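Contents: one structure, followed by commentary.
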Amino acid sequence: EDKVVQSPLSLVVHEGDTVTLNCSYEVTNFRSLLWYKQEKKAPTFLFMLTSSGIEKKSGRLSSILDKKELFSILNITATQTGDSAVYLCAVTNSNSGYALNFGKGTSLLVTP
Amino acid sequence: GAGVSQTPSNKVTEKGKYVELRCDPISGHTALYWYRQSLGQGPEFLIYFQGTGAADDSGLPNDRFFAVRPEGSVSTLKIQRTERGDSAVYLCASSPTGGSSTDTQYFGPGTRLTVL
Chain A
343 EDKVVQSPLS LVVHEGDTVT LNCSYEVTNF RSLLWYKQEK KAPTFLFMLT SSGIEKKSGR
403 LSSILDKKEL FSILNITATQ TGDSAVYLCA VTNSNSGYAL NFGKGTSLLV TP
Chain B
357 GAGVSQTPSN KVTEKGKYVE LRCDPISGHT ALYWYRQSLG QGPEFLIYFQ GTGAADDSGL
417 PNDRFFAVRP EGSVSTLKIQ RTERGDSAVY LCASSPTGGS STDTQYFGPG TRLTVL
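Residue numbers (my numbering), protein chains in the order written: chain A, 343 to 454; chain B, 357 to 472.
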């Protein structure tokens, strides 16, 4: 059975700090890894990482995928209070269609 | 443009009742997904539609859960004889094709179901 483990489960930082969120996975026939940000209810898409795209960056957010060690990290630099959210990591595999298999998420709180 | 919408946003029902949850995907998206999220957990896959047909319903927990998408756009998730353990946020997502490894799923705001 596929496994996605995120760490830490929760994190409190001060505005301006840099944070690193971790996602490790065990997936048969890995296809892709995705990061989502969930503030209230709707998860919003951040990045998709695949074999052909193992590093992504958008503004203060960046992510890398290590397919050998089976993990991904999400970095947020110069954090702002608006970054406070739950960050979800999900994987897909070739056997289960396009269903997303999520981890439990990391709850990030950025204090002023 | 309009995103994925879900109605109602909140639903409170009594144990044993029947409920229907509605999802309106992004216009033109052929793939539609239902997930369930319990408190403190990530979303858990329930069912995936490609057009009108359920391409993968392996995540439905039991036969009390059923979903339809008769015209290939709006979908309804139906839960019979609700139980307290069904209480969760039910999320719907859609994606343009569902047939590509780079297809991105876009989520709606969810329906919070509470079974008393």
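Even glycine gets a Cβ: it sits at the ideal position worked out from N, Cα and C. Predicted model only: the values in this text are computed from it and were never measured.
Here Asp425(A) has Ile418, Leu450, Val452 as same chain residues with Cβ atoms under 7 Å from its own Cβ, once five neighbours each way along the sequence are excluded.
For the pair Glu368(A) and Lys345(A), the CB atoms are nearer than the 7 Å cut-off. Scanning chain A for C-beta atoms nearer than 7 Å to the C-beta of Gln461(B) yields Leu442, reported in chain order.
Listed along the chain, the chain A residues whose CB falls inside 9 Å of the CB of Pro465(B) are Lys382, Lys383, Ala384. The C-beta of Lys446(A) comes closer than 7 Å to at least one C-beta of chain B. Membership of Lys398(A) in the beta strand (DSSP E) is indicated by the continuous run 397 to 400. Between Arg468(B) and Ser361(B) the beta-carbon gap is near 15 Å, outside 8 Å, which marks them as no contact.
Within the model, the alpha-carbon separation for Leu353(A) versus Val361(A) is close to 9 Å. Close partners of Phe387(A) in chain B (Cβ separation under 9 Å): Thr460, Gln461, Tyr462, Phe463.
The DSSP assignment places 375 to 380, 387 to 393 as complete runs of the beta strand (DSSP E) inside the stretch 368 to 400 of chain B, in order along the chain (cut-off: 3 residues).
Ile382(B) and Ala410(B) do not touch by the CB rule: their CB atoms are close to 19 Å apart, not below 8 Å. The bridge partners DSSP lists for Asp412(B) are Tyr404(B). Contact check for Leu472(B) and Val375(B): beta-carbon distance about 12 Å, past the 8 Å limit, so the pair fails to qualify. Counting only residues of its own chain and dropping the five nearest sequence neighbours on each side, Lys409(A) has a CB closer than 8 Å to the CB of Phe372, Ser393, Ile396. When Ala441(A), Lys446(A), Gly445(A) are compared, the shortest CA-CA separation from Thr458(B) is found for Ala441(A). Using a Cβ-Cβ cut-off of 7 Å, Leu450(A) does not count as an interface residue toward chain B, since no Cβ of chain B sits closer than that to its own. Apart from sequence neighbours up to five positions away, the residues of its chain that approach Leu375(A) with a beta-carbon distance below 6 Å are Leu391, Leu407, Ser414, Val433, ordered along the chain.
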